[in-house]
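Enquirer: Could you have a look at this structure, given as structure tokens, before my questions?
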Amino acid sequence: MYYNLGMVRLLGLPHVILWTPLAIHLFTLSRKAEIPQITVWTLRIVYAIAITSMIFDYWDVICYILGDRASLI
Numbered sequence: 001m002y003y004n005l006g007m008v009r010l011l012g013l014p015h016v017i018l019w020t021p022l023a024i025h026l027f028t029l030s031r032k033a034e035i036p037q038i039t040v041w042t043l044r045i046v047y048a049i050a051i052t053s054m055i056f057d058y059w060d061v062i063c064y065i066l067g068d069r070a071s072l073i
């Protein structure tokens with residue numbers, strides 16, 4: 001993608017595609033009662049990092065779709 005389009009906002013699309021199902025999976029795992037509490041906190045930290053990353057990636061993809069196709073470099 002980088003080779004064909006350059007450094008554009010659309011590079012966030014693979015992150016959106018991969019991180020969204022992962023975030024949903026981590027959220028459902030952290031809601032199960034039979035896992036240890038330390039594991040729950042670890043899952044929640046990873047979930048928070050994934051959500052933060054996805055906010056930026058979704059924003060970049062939306063901006064690209066709305067017409068911001070300039071190079072980021």
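Position one of the sequence shown corresponds to residue 1 (the working numbering), numbered consecutively onward.
By construction, the Cβ of each residue, glycine as well, lies at the ideal position given by its N, Cα and C atoms.
State yes or no: is the C-beta of alanine 23 within less than 8 Å of the C-beta of tyrosine 58?
Expert: Contact: no.
Enquirer: Quick check on the burial criterion: 16 or more other C-beta atoms within 10 angstroms. Buried or exposed for alanine 70?
Expert: With fewer than 16 Cβ atoms within 10 Å of its Cβ, alanine 70 is classed as exposed.
Enquirer: Taking 7 Å as the cut-off, is the beta-carbon of aspartate 68 closer than that to any non-hydrogen atom of the ligand MN?
Expert: You won't find the ligand MN in this model; it holds no ligand whatsoever.
Enquirer: State buried or exposed for glycine 67, treating a residue as buried only when at least 16 other CB atoms are found within 10 Å of its CB.
Expert: Exposed, since its Cβ has fewer than 16 Cβ neighbours within 10 Å.
Enquirer: What is the rounded straight-line gap between the Cα of threonine 20 and the Cα of serine 30?
Expert: Going by the C-alpha atoms only, they are around 16 Å apart.
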